[in-house]
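For the working numbering, count along the sequence shown from 1 and bump the result up by 2.
Glycine included, each C-beta is placed from N, C-alpha and C at the ideal position.
Remember, it's a predicted structure, so these values are computed and weren't measured experimentally.
Have a look at the structure below before the remarks.
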Amino acid sequence: MRISAVALILLVLCNSIFAGEGMWLPILLQSMNESEMQSMGMKIKAEDIYSVNKGSLKDAIVQFGGGCTAEIISSKGLLLTNHHCGYGYIQSYSSVEHNYIKYGYWAINEKKEWRCNGLTVTMIVRMEDVTLPMLEGVLPTMSESERKIKVDQNLIKVKSSISKASYEDVMIRPFYNGNQYFAFVTVTYKDIRFVGKPPESIGDFGANTDNLEWPRHTGDFSLYRIYAGKDNLPAEYSEDNIPYTPKYFLPISLDGVEEGDFTILLGFPGRTNEYLTKEGVRQIANIQNPVRIALRDKVLKILDKYMRNNEKTKIQYASKYAGSANVWKKWKGESQGIKNKNALEKKDQWDKLFQERVNNNETFKPYRNIIGDLEAYYTQLQPMTLAKEYYAEGFQRNTDLYAAYSRIKKLADTYEGRGNDLFVSGRNEMKKNAVAYFKDVDINIEKEVLSGLIELVVKGVEPEVRFPYLIQQLKTYNNNYSEYVNDLYNKSCFATPDSLVVLSELEFVPWITRVKADPVWNLYEELNYFLVYGIQNQAGPIEDAITALRRKHMEALIKVFPEKKFYPDANSTLRVSYGKIEGYSPKDGVKYNAKTYLDGVMEKYIPGDYEFDVEPKLIKLYKEKDYGVYGENGKMSLAFISSSHTTGGSSGSPAIDAHGNLIGLNFDRNWEGMMSDINYDVTLCRNIMVDARYILFIIDKFAGAGQLIQEMKLVHPKEMSKGKRKRG
Numbered sequence: 003m004r005i006s007a008v009a010l011i012l013l014v015l016c017n018s019i020f021a022g023e024g025m026w027l028p029i030l031l032q033s034m035n036e037s038e039m040q041s042m043g044m045k046i047k048a049e050d051i052y053s054v055n056k057g058s059l060k061d062a063i064v065q066f067g068g069g070c071t072a073e074i075i076s077s078k079g080l081l082l083t084n085h086h087c088g089y090g091y092i093q094s095y096s097s098v099e100h101n102y103i104k105y106g107y108w109a110i111n112e113k114k115e116w117r118c119n120g121l122t123v124t125m126i127v128r129m130e131d132v133t134l135p136m137l138e139g140v141l142p143t144m145s146e147s148e149r150k151i152k153v154d155q156n157l158i159k160v161k162s163s164i165s166k167a168s169y170e171d172v173m174i175r176p177f178y179n180g181n182q183y184f185a186f187v188t189v190t191y192k193d194i195r196f197v198g199k200p201p202e203s204i205g206d207f208g209a210n211t212d213n214l215e216w217p218r219h220t221g222d223f224s225l226y227r228i229y230a231g232k233d234n235l236p237a238e239y240s241e242d243n244i245p246y247t248p249k250y251f252l253p254i255s256l257d258g259v260e261e262g263d264f265t266i267l268l269g270f271p272g273r274t275n276e277y278l279t280k281e282g283v284r285q286i287a288n289i290q291n292p293v294r295i296a297l298r299d300k301v302l303k304i305l306d307k308y309m310r311n312n313e314k315t316k317i318q319y320a321s322k323y324a325g326s327a328n329v330w331k332k333w334k335g336e337s338q339g340i341k342n343k344n345a346l347e348k349k350d351q352w353d354k355l356f357q358e359r360v361n362n363n364e365t366f367k368p369y370r371n372i373i374g375d376l377e378a379y380y381t382q383l384q385p386m387t388l389a390k391e392y393y394a395e396g397f398q399r400n401t402d403l404y405a406a407y408s409r410i411k412k413l414a415d416t417y418e419g420r421g422n423d424l425f426v427s428g429r430n431e432m433k434k435n436a437v438a439y440f441k442d443v444d445i446n447i448e449k450e451v452l453s454g455l456i457e458l459v460v461k462g463v464e465p466e467v468r469f470p471y472l473i474q475q476l477k478t479y480n481n482n483y484s485e486y487v488n489d490l491y492n493k494s495c496f497a498t499p500d501s502l503v504v505l506s507e508l509e510f511v512p513w514i515t516r517v518k519a520d521p522v523w524n525l526y527e528e529l530n531y532f533l534v535y536g537i538q539n540q541a542g543p544i545e546d547a548i549t550a551l552r553r554k555h556m557e558a559l560i561k562v563f564p565e566k567k568f569y570p571d572a573n574s575t576l577r578v579s580y581g582k583i584e585g586y587s588p589k590d591g592v593k594y595n596a597k598t599y600l601d602g603v604m605e606k607y608i609p610g611d612y613e614f615d616v617e618p619k620l621i622k623l624y625k626e627k628d629y630g631v632y633g634e635n636g637k638m639s640l641a642f643i644s645s646s647h648t649t650g651g652s653s654g655s656p657a658i659d660a661h662g663n664l665i666g667l668n669f670d671r672n673w674e675g676m677m678s679d680i681n682y683d684v685t686l687c688r689n690i691m692v693d694a695r696y697i698l699f700i701i702d703k704f705a706g707a708g709q710l711i712q713e714m715k716l717v718h719p720k721e722m723s724k725g726k727r728k729r730g
C-alpha cells in the first residue's frame, strides 16, 4: 500500500517525542511516564520519586538560591550542588590574602561552616492541580488584560484555600501556556552554610574554553548545609540552630555507570519554549540571539583582558564573568544548533501538518488561523523585539551602573509609598553598605564596558527606535562614547561608595533634589520612559495577542494530535527528566564516548594557565593511581553524559540511577545540543555530569575531608541487584 507524503511526515513528527524527551511533573509520572521509564530500565516506582505519604526522592531535592538545584546527601542536611551555583557566596569570602575561589576551602567541622547571607533553599511538600478554580469565570471573549485580572483574582482565593502549615508557603504556576495550573506547597530554609569546595583548577577546570563542550573534565561541585531550629523547622540564622534532619536523603552509588544505563534527573529547570511555531523560533535564532551574543562578546573580552592580568580583578569579577560567559555561549550554541539540525524546517513541517489537520476537521475550525496570525504578529513585533534586546543588554544586564540606579530608585519609591521613617531606615542602610555595594566593582572597567555597549546600541538599533535622550546627550560630546561615560561616572553621586555616603547623609527633600539632578538618574529615568511609552506601548498589544494565540495553539496541539504526549515547558518548578548514558556523533567521522577520566585532565594540563592548571597533589594522586574505593579498573572516572532533557536551572540536579541512588551531578549541556530549549534532538542533546565517585575522591583523597564522607550512605546497587554482598 502506498503511503502519502503527508502520512510519512505525520509518522516522523509524531514519533519525534523521543524516549525520555521532556521535563515532566513528578505528580503525573505514574499516569504518563512510569511504564516508559521502566521499559528503559528503571527499577523503582513512580511513587518512590514523588510521594506525599512517605519519604521519596523529591524530598531530597531543593531549589538552591532560586536559580539552581541541589540535593540532600546526608542525614545531617548536607547539600551537594555545582561549584558555579554558589560562586557568589564563595567570592564574598575571598580576597587576595584569602583566595578561596582559587585554592578552595573545606570546613573541618560544623563550627567552621560559613554563613551565606541571603541564601535559601526551597523544598516541595506537595503539588495540586488547581486548574478549575484558577480558570473559574475566565471567558474566551475576554481580552488578555481582562483575563489576567480575573486569573489574578482567582489566584488570591485559591492560595488562601489550600491547606498548609504556618511555616509553609504556596506558589501557583501556569502550565501549557496557561491552559493548566498547579499549586506547589513549599517550605523554605534560610540558614544555609558553606561547607566546602575544591580549588578552581578542579571546580572550574577548562573554564570558558571548555564551557558547554564535551569531552569535559570539570569537577563542578560544592557542598553546603541546611540548618534549622531545634524543632527542625525553618529559622533565621542563629548560632543555636542545628543541622536539618531531612525526610529523605540520597544514597550514593559506588558502582559507577556504563553506556546504556538508565538515569533520572530531578531539578528546577528554568525556561523552555518547545512549542513555538517556525516564526517564533526564527526570531530567537536570527533576531534576539545575535544581539545578545554581540553585546556579551564585547563585555567578556573587556573583562577577560583585565582578569588575566590582575588577581584582585579576577576575584571581583569571577562570578559575573562566569554567569555572563555561560549564557553567552548558550545563545551561540542554541542558534548554531537550530541551524545545524534544520529546526526551522522541522517547525515548518509541524505547522503545515497542524494546518492540514485543522483544515480537514470541522471540529478544529476555531484553530484554522492560528499559524498565520502568529506569523503576522511576530513580524510586526520584530523591530521592537530587536530594540528591547539592545537596550536590555546595553544598559541593564551588563553594567553595575544600572544596579546603582536601581538602589536609588527603590529608596525613592519607598518614601513616596510608605513615608519618611522607612526612607530614613533605607538611607541609613545604604550608607552602612556603601563600601559593600562596590566591593566587586572596578570603575575603570565599568566605564570601558558601558562606553563599548553604548556604541553597539547606537549603531545597532534602527533610527525609528533610537533612544532620543541618549542621541541628544551624545551630540554634546561629539559622539565620543568614552567622554560621555566618564562624565556620567564623574558627576554621579550613585557611582562610588564615597559619593553614596555623602548623599545618604541628606534628608529627603535635599536628597531627592540631588538625585533628580544626577546624570545617571536622568539617563535611566528617560530610558524607562522611552521603553514604556516609546516601545512597549506599541509592543504590548502585539505581545498580548501572541500570548493569547500561543495558549490557544497549545490547547489545539493537544487536541489535534491525541496520539502524542505533550510535556509542559519548564518554568522553574520541580521536574523529572530521564534518559540513558550514551555518547553521540556531532559530525561526520567524529564519535564521542559517554565517559571521561582523570587522564583527560592530565592531557589538557598547561602549567600556570588559569584555565588548565592542575594542583600538584592531584598530579601525585594520579601518578600513584591512588584512587581508593572510588577508582574503576585502575582509572578515575570523572564525568559522563546522558540524553536526559535539561536546561538552565538544572545545574546541580542529581543524576540518579535505576535504583534511586546518586551517580552524578548535572552541571552543563553540550554545545551541539544547546537548541534543546526549543528543539530537543536525542541524537545530539546531552547533559553533562560529574561522576559521583570523582566527587567523593576529591573530598576524601584530595581534600582529606573524610568526616564528610562518613555522613554519607555509600551503596553498591548493581552488586546488590545481582545478589552480591554489599561493600563500602
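DSSP, reduced to helix, strand and coil, places residue 116 within a strand of the structure shown.
Per DSSP, the beta-bridge partners of residue 691 are 642, 668.
Counting only unbroken stretches of 3 or more residues, the beta strand (DSSP E) elements lying wholly within the region 89-167 are 123-131, in sequence order. For residue 273, the beta-bridge partners assigned by DSSP are 573. When the beta-carbon positions are compared, residue 370 and residue 384 stay at least 9 angstroms from each other.
In the assembly as shown, residue 570 is a buried residue. Its beta-carbon has 16 or more other beta-carbons within 10 Å.
DSSP, read as helix, strand or coil, puts residue 623 in helix.
Runs of the alpha helix (DSSP H) lying entirely within the region 497-579, each at least 4 residues long, are 499-505, 510-518, 521-531, 539-562 in chain order. The Cβ atoms of residue 638 and residue 600 sit closer than 9 angstroms to each other.
Distance from the CA atom of residue 711 to the CA atom of residue 311, rounded to whole angstroms, is 38 angstroms. For residue 204, the enclosing alpha helix (DSSP H) stretches over residues 202-205.
By the 16-neighbour rule on beta-carbons within 10 angstroms, residue 509 is exposed.
Out of 513, 81, 343, the CA that lies nearest to the CA of residue 195 is found in 81. Of the candidates 306, 451, 364, 426, 426 places its Cα closest to the Cα of residue 513.
Inter-residue distance for residue 42 and residue 591 is about 28 angstroms (C-alpha atoms, whole angstroms). Here the alpha carbons of residue 392 and residue 481 stand approximately 18 angstroms from one another. Taking C-alpha positions only, residue 675 is separated from residue 682 by approximately 8 angstroms.
The alpha carbon of residue 260 has as its nearest neighbour, out of 430, 564, 585, the alpha carbon of 585.
Contact check for residue 339 and residue 714: beta-carbon distance about 37 angstroms, past the 8 angstroms limit, so the pair fails to qualify. When the five nearest sequence neighbours on each side are left out, the beta carbons in the same chain lying within less than 7 angstroms of the beta carbon of residue 327 are those of 210, 213, 302, in order along the chain.
Rounded to the nearest whole angstrom, the C-alpha separation of residue 436 and residue 561 is 57 angstroms.
Setting aside the 5 residues that flank it on each side, residue 422 is surrounded in the same chain by 510, each with a C-beta closer than 7 angstroms to its C-beta; the list follows chain order. In terms of Cβ geometry, residue 628 and residue 703 form a close pair [threshold 9 angstroms]. Beta-bridge partners of residue 73 (DSSP): 63, 82.
Residue 424 is classed as exposed because its beta carbon has fewer than 16 other beta carbons within 10 Å across all chains shown.
Residue 458: member of the alpha helix (DSSP H) spanning 445-462, first to last residue. In this chain, residue 468 is not harboured by any beta strand (DSSP E), its DSSP state being neither H nor E. Cβ-Cβ distances below 7 angstroms link residue 593 to 585, 587 in the same chain, with the five nearest sequence neighbours on each side left out; the list follows chain order. Residue 182 places its beta carbon 9 angstroms or farther from that of residue 576. Taking all protein chains shown into account, residue 208 has 16 or more neighbouring C-beta atoms within 10 Å of its C-beta and is therefore buried. When Cβ pairs closer than 8 angstroms are counted between the two stretches, the region 52-65 is seen to touch the region 119-139, the count reaching three or more. By the C-beta criterion, the region 223-243 is judged to be in contact with the region 81-99, since at least 3 inter-stretch pairs fall below 8 angstroms.
The region 185-200 and the region 102-110 touch, with no fewer than 3 CB-CB distances between them shorter than 8 angstroms. In this structure, 189 is the residue among 189, 145, 115, 705 with its C-alpha nearest to the C-alpha of residue 122.
The Cβ atoms of residue 253 and residue 192 do not sit closer than 9 angstroms to each other.
With fewer than 16 neighbouring CB atoms inside 10 Å of its own CB, residue 299 falls in the exposed class.
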